[in-house]
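Heads up, the thing below is written out as structure tokens.
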Amino acid sequence: MEIMTARHALRAALALTGAVALTGTGCSAGVPHRGQGAALGASAAAAGPAPSPGAPGIGDPLMPLDGNGGYTVRRYTLDLDWRAPETPFPAGTTISATATQALSRFDLDFAGNTLHRVTVDGTPAAAVRDGDELVVTPARPIRRGSTFTVHVAYTADPTQRRRRSDAIREYGWVPTPDGTLICAQPDGAKMVFPVDDHPSLRAPVTFRITTPPGLGAVANGRLVDRVRRPDGRVRWTYDSEEPIAAQLVQMAIGRFAFVDSKGPHGLPVRDVVPDDLVTDTEADRSLTPQHLAWLEQRLGPYPFRRYGVLVGDTDLPVALETQSLSVVPKDDLLGDQVDAERNLVHELTHHWTGDSVAIRRWSDLWLSEGHARFYERLYSAEHGGVSMEDAMRAAYEQHDQWRHDDGAPAEPTEPTLFKVMRYDGSALVLYALREKVGDDTFDRIERTWVTRYRGRAAGTRDFVALASEVAGEDLTPFLTPWLYGPDTPPMPGHPDWHVDPVED
Ligand SMILES: [Zn+2]
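Under numbering that gives the first Met the number 0, residues 0 to 503 are what the sequence shown spells out, in order.
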């Protein structure tokens, strides 16, 4: 547990004691709360349960403290007063939320640098850090169903990064020569701002980023305005337009060119490219409209209002499907074109599966990564890459080994989450399904999946049920061993495929 200042410590201790007392007295000491209209008198308190603490997580078995209980976020507004690379800077986050229970206190996910001050509806609140949880105790309990506004002032530190055992890259803030970008997946958004951080939880975000003269800023969604202040600094305001999961937030600062083009049906496409990389990345970036058209043929309309590629001026392998603005590191675009297109199509596919259709729990990650890898390989096979059958046969031969090392596709453990089983190992499950039901039925399953769950979270059970419904047969007995079984089942239609024995 970390308490930032003695003043906060005292306030926290007082408020925590107070919260216990308030709970014990049924909240009768309450005063009118913004948005409630009436005083919290004894009769109001008697109408509902006594305020209690919101849960510190939503109970995802793999990452139990991700997300929080007791409220839903309506909007985030981020104020970031950027200074220079590797330099901490002033930041503020305003969260508008609705209480889903009577709250004596609630948590935010926050691992940022230095916490200064927390208010709830304008009144100072106690705030205590417990690992990556920021425990906020408002001066007065919050009634169930009421809206409230939390403001957190802090210092953001763009040198903060983390490394996971299951990923080849660091995540969190990613430094660039003259700025930064964000790679928050899986749970690094809390290094950037206090947040309700789970892939199934989404809210719209307003970004207000102030930069020194000469630097640009970009974030998910639409550039709302750009205002030069009297001191020469420029404030860039972006609106995510759609609700967004914390892991898909992007925000980058640097010397950028904004390169505009059009996708299918006039879709606005804006690439954001470091000035000196515009020419060298143009050939690959110019393929985006073709990639969009190819995916729309298979998955239906692109689910967001704009798209673009943010070229990352970094050596870190950080390609990520940040919503409406995929980040792709420069090295992915400066080498072989077949590889470049695989990366570009992978992140773009995620906009249907992973961004628009979110995962319900981390164990559903195979649905996001498996689809992205499946269509990436399918596209590549048609555009100079390895044939789908060869790629999937190679995956099949190693599948038992992956099952042994990384868990079955829908049964990852926390340290094996982002391993190859969630990529080619899960694309193979979709390939097996296609071999089982045929191309036409498979295409209908896929289109129905991204249409029915557009803008919603869905899980493995939802996919199996939907596939069964579309195919007109119960696919549970077929898919369960593929997704959960100890051994890889035979591949339909390929009796000659074999599984290499597992090596310990
Ligand atoms: Zn991916």
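Heads up, the beta-carbon is just placed ideally off N, CA and C, and yes, glycines get one too.
Being a predicted model, the structure only gives us computed values, none of them experimental.
Check                                                                                                                              : Outcome
Proximity to Asp-59 [Cα-Cα], best of Met-190, Arg-104, Pro-198, Val-134                                                            : Pro-198
Cross-strand partners of Arg-234 (DSSP beta bridge)                                                                                : Thr-209, Val-226
Environment of Asp-486 [buried if 16+ CB atoms lie within 10 Å]                                                                    : exposed
beta-carbon Glu-445 near ligand 1 non-hydrogen atom, thresh 6 Å                                                                    : no
For Ile-2, three-class secondary structure by DSSP                                                                                 : Summary for Ile-2: the model assigns pLDDT 27, below 50, so the residue's position carries little reliability, and this model does not support an answer.
Distance, Asp-314 Cα to Pro-84 Cα                                                                                                  : 16 Å
One or two residues paired with His-150 in a DSSP bridge                                                                           : Thr-93, Thr-118
CB contact flag (Pro-89, Asn-112, <7 Å)                                                                                            : no
Thr-475 classed as buried or exposed, judged by whether at least 16 other C-beta atoms fall within 10 angstroms                    : exposed
Those residues, in chain order, that have a beta-carbon closer than 5 Å to some heavy atom of ligand 1                             : Glu-368, Ala-371
Residue range of the alpha helix (DSSP H) that includes Lys-329                                                                    : 329-332
Beta-carbon proximity list for Tyr-422, same chain, < 6 Å, skipping 5 on both sides                                                : Glu-368, Arg-372
Close beta carbons around Pro-288, own chain, < 6 Å, minus the five adjacent residues each side                                    : Gly-262
Cutoff 6 Å; reference Glu-132; Cβ partners in own chain excluding five residues on either side                                     : Pro-55, Asp-106
Reference Ala-244, options Asp-186, Glu-381, Leu-286, Gly-299, closest by Cα                                                       : Asp-186
The beta strand (DSSP E) enclosing Asp-80, as first and last residue numbers                                                       : 70-80
Alpha-carbon to alpha-carbon, Asn-342 and Gly-334                                                                                  : 12 Å
Separation of Ala-155 from Glu-388, as counted between CA atoms                                                                    : 48 Å
Rounded C-alpha distance that separates Thr-280 from Ser-362                                                                       : 35 Å
For Gln-249 and Gly-231, the rounded distance between their alpha carbons                                                          : 25 Å
Start-end ranges of the beta strand (DSSP E) lying completely within the region 272-348, minimum 3 residues                        : 308-311, 325-328
Contacts around Val-317, its chain only, beta-carbon distance under 7 Å, and the 5 residues preceding and following it disregarded : Arg-168, Val-173, Cys-182, Gly-311, Val-326, Pro-328
Proximity of Thr-179 and Ile-94 at Cβ, strictly below 7 Å                                                                          : no
Host beta strand (DSSP E) of Val-135 (start-end)                                                                                   : 132-136
Chain B within 7 Å of Arg-433, Cβ atoms only                                                                                       : In the structure shown, chain B does not exist; there is a single protein chain.
CB of Tyr-483 within 7 Å of CB of Ala-407, strictly                                                                                : yes
Counterpart residues of Glu-434 in DSSP-defined beta bridges                                                                       : None; Glu-434 has no bridge partner.
Counterpart residues of Thr-179 in DSSP-defined beta bridges                                                                       : Pro-174, Ile-252
Between the CA atoms of Glu-340 and Pro-494 - distance to the nearest angstrom                                                     : 32 Å
Secondary structure of Thr-459, DSSP reduced to three states                                                                       : helix
Rounded separation between Val-258 and His-497 - CA only                                                                           : 48 Å
Residues of its chain near Asp-270, where Cβ-Cβ distance is below 6 Å and the 5 sequence neighbours each way are ignored           : Val-258, Arg-284, Gly-307, Val-308
Residue closest to Glu-346, alpha-carbon to alpha-carbon, out of Asp-275, Gln-322, Asp-177                                         : Gln-322
Span of the alpha helix (DSSP H) around Gly-369                                                                                    : 364-381
For Asp-106, three-class secondary structure by DSSP                                                                               : strand
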